[in-house]
């Protein structure tokens, strides 16, 4: 799915791709970072700078016990930080609502899952929806968050998986069209 998204976006402009494992990303947040300090390493600093310049964010990951895999959660913690992704009107966190700093107006989140949609909603309440939309992206100023869950992976057929890839392609093309209609370039 990630490769399909990258190929689709590459037809329209510059695409920055990060495989956190391949990049050797350290997901553990440092004490200085917890206290609002700068990134403890050049890779995290680079991720923050790229996120600040991005027009669109796409994340692809499995549902891992109702959340993202630990390395991705660490990326969220270390990259979406005060001063780079959000701020507070009073200059410090006094429990008030944040001001989103990201220029990103649209995000696409693609998840895979082995849980049926009915069970996800009725038993778990879809925690990934809450994490991505409410707890992270909207908090940081992203207006449109579109999330698609592809399920049930364990029992899916090859034909169904091909259809999922077509859906990823369609959603990515739609995102590019929306960016263009908004008068933004795709980079």
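Residue numbers (the numbering used here): 9 to 195. For each residue, glycine too, the CB sits at the ideal point set by N, CA and C.
{"query": "Straight-line gap, residue 16 to residue 176 (C-alpha atoms, nearest Å)", "result": "9 Å"}
{"query": "Residues that residue 110 bridges to, as DSSP identifies them", "result": "Partner(s): none; residue 110 has no beta bridge."}
{"query": "Test item: CB-CB of residue 109 and residue 149 under 8 Å", "result": "yes"}
{"query": "Cβ distance (whole Å) where residue 93 is taken to contact residue 59 below 8 Å", "result": "7 Å"}
{"query": "Endpoints, the alpha helix (DSSP H) within which residue 184 is located", "result": "166 to 189"}
{"query": "Per-residue burial, residue 132 [other beta carbons within 10 Å of its own, 16 or more giving buried]", "result": "exposed"}
{"query": "Contact under 8 Å by Cβ, residue 112 with residue 82", "result": "no"}
{"query": "Contact set for residue 88: own chain, Cβ-Cβ below 7 Å, skip 5 residues either direction", "result": "144, 148"}
{"query": "Selected residue, minimal CA-CA separation from residue 185, among 164, 74, 114, 173", "result": "114"}
{"query": "Cβ-Cβ separation, residue 44 to residue 90 (assumed contact under 8 Å), whole Å", "result": "5 Å"}
{"query": "Check whether residue 140 and residue 158 have beta carbons under 8 Å apart", "result": "no"}
{"query": "Close beta carbons around residue 106, own chain, < 7 Å, minus the five adjacent residues each side", "result": "94, 95, 96, 147"}
{"query": "Rounded separation between residue 153 and residue 182 - CA only", "result": "13 Å"}
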